[in-house]
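Colleague: Quick mapping for you: the protein sequence lines, in order, are chains A and B.
So that you can map any letter, position 87 of the first sequence is 113 in our numbering, and since no number is skipped, the others follow by simple counting.
So that you can map any letter, position 119 of the second sequence is 909 in our numbering, and since no number is skipped, the others follow by simple counting.
Here it is: the structure, laid out below.
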Amino acid sequence: MPDSKNNNAGLCKEKSFQAFFNTNATLLRNYLYYKYGGNEDIDDIVQDSFIKLWDNCTKVTLETAKSYLFRIAINQSTSLFRHNAVKLKHQKEVKNINHNSTNESPEYILEEKEFMVKLENAISSLPERQREVFLLNRIEKKTYKEIAELSGVSVKAIEKLMHKALLKLRTEIENIP
Amino acid sequence: MKMKKLDDIFLSRWLNNELSEDELTQFKASEHYDTYVNIIKGTDKLQAPSYNLNEVFLSIKENRNKNIISTKKSSKNKWQLGIAASVILLIGLFAYINFFSATVYSSDFGKQLAFELPDGSKVLLNSKSSIEFNERNWNNNRTLKLQGEAFFDVEKGNTFTVKTSQGEVSVLGTEFNVKAIIDLFKVSCYEGKVKVEDYTDASVRNLTPSLGYQNIKNQDAITLNFNNTRPEWMNQQSVFKSTPIKYVLRALEKQYKLQFEYQGFDDSILFTGSFPNNNKEIALQTVLKSVNLKYTIQGNSIILED
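Dropping the structure here:
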């Protein structure tokens, strides 16, 4: 077997660290993005967290590295984003990628566009925990169990957050004329 | 029957298809059901802005090297003890990691990597790609994560699933190729039957031999017909059909460890053709001349001019 089988090489080697980075970086970045909105500081936090993890690679096993990484990132961001809470409300959460042309009527397309705007606003106005759970499940396709593991809470708690998020989105959308 | 009967997590259970038939009928009858369906449909069209992993990793490496302070300790006297201790630790660690953690295979620039999964299924990784799976639990859960491109020859057994950031592919026993690079997602079926779930438009398709599926961001998803019996990259060729040139440049970068630098030229123009995977000069010429670009080579950087 070639040397790229690195499940016992630990995290310190560049190759294995990069593989770990490649599988986890986008998720961590999106996790923070869903939670805190599009703030440039997010990218710094992601980088710093990976650097810290690498520096501590001897103390962390591959098994625990993911939760360690998320803990560093979450700790770093809570202190930082308290100041940005208001500013974030006005920031666009997610971008619409559905530019595919369809055979639908112009009215339908317009209606759909209006709905998407409402939806994006409603998502932005969700409390951060609900938004994080909702988008991780819908966009990142993470199961409730996987989300629970990321944030260190029970599956039940995630199910409740998910339910609340949907409930809130529905009332927001139905109450806008 | 009133809504009261539904519990305080029924929306979560609904998303997971965990509602009983009665609950589902009751929920569907409620005035809000359509809004919920629209919310889910709408959200499934959303995506986070793309994220350039290679760039970020390079900058992590740079920043880290700046911060590293030499921490070598002189331990000449204790080295024998040290070796004994680390042998024990290594054995322990090896057993521990082997037991729980994910196995990762990754291929470098321009290299391909062939390996077998625990059930005998064969994987061939194209250059600069990686696969992660749980070796211990493999026979119960044949699910792996792929970044990049790989060819699979799957042994018969329970469902075999390849997850990528853009979609997932599942089969029972067959041969197929999956390519998932940034916002390009392409699956080709060579044998058996393949189910493709595209996360970007939440669609599901079944592919039979000689059929492919391709979804590139901002373009309509298409079904492709082909007649080769193996992906071209296995024959040292990279072949593209109506693919935006930026993905072709990307493939060249991965194959030959290059970096393209360009400004002001439309990188979404479509390219149909191929380049060899074992001759850098010819590969560059073939691709760049076909789109009328001049280029200068500086080390690993290729500077493009109109």
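Where a beta carbon is used, it is the ideal one built from N, C-alpha and C, also for glycine.
Since the model is a prediction, treat every value here as computed from it, not as a measurement.
(1) Spatial neighbours of I1035 of chain B within its chain, please: CB distance less than 7 Å, with the 5 preceding and 5 following residues excluded, ordered by chain position.
(2) Quick one: which chain B residues come within Cβ less than 8 Å of E200 of chain A?
(3) Can you list the residues of chain B that I77 of chain A reaches, using a CB-CB cut of under 8 Å?
(4) Pairs of beta-carbons, one from the segment 942 to 950 of chain B and one from the segment 895 to 914 of chain B, closer than 8 Å: are there three or more?
(5) CB-CB under 6 Å to S896 of chain B, same chain, minus the five flanking residues each way: which ones, in chain order?
(6) What are the start and end residues of the beta strand (DSSP E) that includes Y1003 of chain B?
(7) Our contact map puts F847 of chain B next to Q44 of chain A with C-beta atoms below 8 Å; I'd like the distance itself, whole angstroms only.
(8) What does the Cβ neighbour count give for S978 of chain B, buried or exposed, with the cut at 16 atoms within 10 Å?
(9) Suppose contacts are defined by Cβ-Cβ distances below 8 Å. Is S802 of chain B in contact with Y60 of chain A by that definition?
(10) Round the Cβ separation of P1066 of chain B and Q1009 of chain B to the nearest angstrom and send it over; I've been treating them as touching at under 8 Å.
(11) Under a CB-based cut-off of 8 Å, is N147 of chain A close to chain B?
(12) Quick one, are the C-beta atoms of K976 of chain B and Q1004 of chain B less than 8 Å apart?
(13) Where K167 of chain A and K1084 of chain B are concerned, what is the direct C-alpha to C-alpha distance, given to the nearest angstrom?
(14) Please classify E40 of chain A: is it buried, with 16 or more other beta-carbons within 10 angstroms of its beta-carbon, or exposed?
(15) Rounded to the nearest angstrom, what separates I1087 of chain B and V968 of chain B at their Cα positions?
(16) What are the residues of the segment 42 to 65 of chain A that lie near chain B, defined by any Cβ-Cβ distance shorter than 8 Å?
(17) For a cutoff of 8 Å on Cβ pairs, would you count G910 of chain B as touching chain A?
(18) Does DSSP put G910 of chain B in a helix, in a strand, or in coil?
(19) Can you list the residues of chain A that T833 of chain B reaches, using a CB-CB cut of under 8 Å?
(20) From F899 of chain B to V179 of chain A, what distance separates their C-alpha atoms?
(21) For a contact defined as C-beta to C-beta under 7 Å, what are the partners of L195 of chain A on chain D?
(22) Would you mind stating whether L1001 of chain B and N1017 of chain B have Cβ atoms separated by less than 8 Å?
(23) Kindly say whether F923 of chain B, judged by its beta-carbon, lies nearer than 8 Å to any beta-carbon of chain A.
(24) Does Q816 of chain B come within less than 8 Å of chain A when only Cβ atoms are used?
(25) Give me the chain A residues within the contact set of F800 of chain B, using Cβ-Cβ distance strictly less than 9 Å, ordered along the chain.
(26) Excluding sequence positions up to five away, which residues of its chain have a Cβ less than 8 Å from the Cβ of V86 of chain A?
(27) Please confirm whether any heavy atom of the ligand COA lies closer than 7 Å to the CB of D824 of chain B.
(28) Does DSSP put Q837 of chain B in a helix, a strand or coil?
(29) Helix or strand or just coil, what does DSSP make of Q1027 of chain B?
(30) Among the candidates A:K186, A:E185, A:V159, whose CA atom is the shortest distance from the CA of L176 of chain A?
(31) Helix, strand or coil, according to DSSP, for D943 of chain B in the structure here?
(32) Can you tell me where the beta strand (DSSP E) holding E175 of chain A begins and where it ends?
(33) How many Å lie between I77 of chain A and I98 of chain A at the Cα?
(34) Let me check understanding here. Comparing Cα to Cα, which of B:A904, B:P999, B:Q1075 lies closest to G982 of chain B?
(35) Kindly indicate if chain A contains any beta-carbon less than 8 Å away from that of V994 of chain B.
(36) Could you pull out every residue in the same chain whose Cβ sits closer than 7 Å to the Cβ of A91 of chain A, ignoring the five residues on either side in sequence?
Modeller: This is what the structure holds:
(1) The answer, listed in chain order, is D1057, I1059, F1061, V1081.
(2) Within chain B, the residues near E200 of chain A are H822, T825.
(3) Annotation: Cβ neighbours of I77 of chain A in chain B (cutoff 8 Å, chain order): I850, N853, R854, N857.
(4) Three or more pairs of CB atoms, one per stretch, sit closer than 8 Å, so the segment 942 to 950 of chain B contacts the segment 895 to 914 of chain B.
(5) Around S896 of chain B: S920.
(6) Judged by DSSP secondary structure, Y1003 of chain B falls within the beta strand (DSSP E) whose first and last residues are 1001 to 1006.
(7) The pair is a contact, with the Cβ atoms about 6 Å apart (cut-off 8 Å).
(8) It is buried - the Cβ of S978 of chain B has at least 16 other Cβ atoms within 10 Å.
(9) No, the Cβ-Cβ distance between S802 of chain B and Y60 of chain A is not below 8 Å.
(10) 27 Å between Cβ atoms; not a contact.
(11) For N147 of chain A, the answer is no, since every Cβ of chain B falls outside 8 Å of its Cβ.
(12) Yes; because the gap between Cβ atoms is below 8 Å, this pair is in contact.
(13) Using only the alpha carbons, I get a separation of about 43 Å.
(14) Burial state of E40 of chain A is exposed, judged by a 10 Å Cβ sphere holding fewer than 16 other Cβ atoms.
(15) The straight-line gap from Cα to Cα measures roughly 31 Å.
(16) Under the 8 Å Cβ criterion, the segment 42 to 65 of chain A contributes S42, Q44, A45, F46, F47, N48, T49, A51, T52, R55, N56, Y59, Y60, G64.
(17) G910 of chain B does not count as touching chain A.
(18) Note: G910 of chain B maps to coil in three-state DSSP.
(19) Simply L145, I149, F160, L161, R164, I165.
(20) Cα-Cα distance, rounded: 40 Å.
(21) Given the protein chain composition of this structure (A and B), no chain D is represented.
(22) Inclusion of L1001 of chain B and N1017 of chain B in the CB contact set at 8 Å is not warranted, their separation being larger than that value.
(23) Chain A, which has no Cβ nearer than 8 Å to the Cβ of F923 of chain B, makes this no.
(24) With its beta carbon at least 8 Å from every one in chain A, Q816 of chain B lies outside the interface.
(25) For F800 of chain B, the C-beta contacts it makes with chain A under 9 Å involve H189, in order along the chain.
(26) When the five nearest sequence neighbours on each side are left out, the beta carbons in the same chain lying within less than 8 Å of the beta carbon of V86 of chain A are those of L37, L79, Y94, in order along the chain.
(27) The model depicted lacks the ligand COA and carries no ligand whatsoever.
(28) It is a strand residue.
(29) Here Q1027 of chain B sits in strand by DSSP.
(30) By alpha-carbon distance to L176 of chain A, the top candidate from A:K186, A:E185, A:V159 is A:V159.
(31) The answer is strand: DSSP assigns D943 of chain B an E or B state.
(32) Per DSSP, E175 of chain A lies in no beta strand (DSSP E) segment; the continuous alpha helix (DSSP H) that holds it begins and ends at 170 to 177.
(33) Near 10 Å, if we compare the C-alpha coordinates of I98 of chain A and I77 of chain A.
(34) Nearest C-alpha to G982 of chain B: B:P999.
(35) Taking 8 Å as the threshold, the shortest C-beta distance from V994 of chain B to chain A does not fall below it.
(36) Excluding positions up to five away in sequence, the list reads L37, F46, L79.
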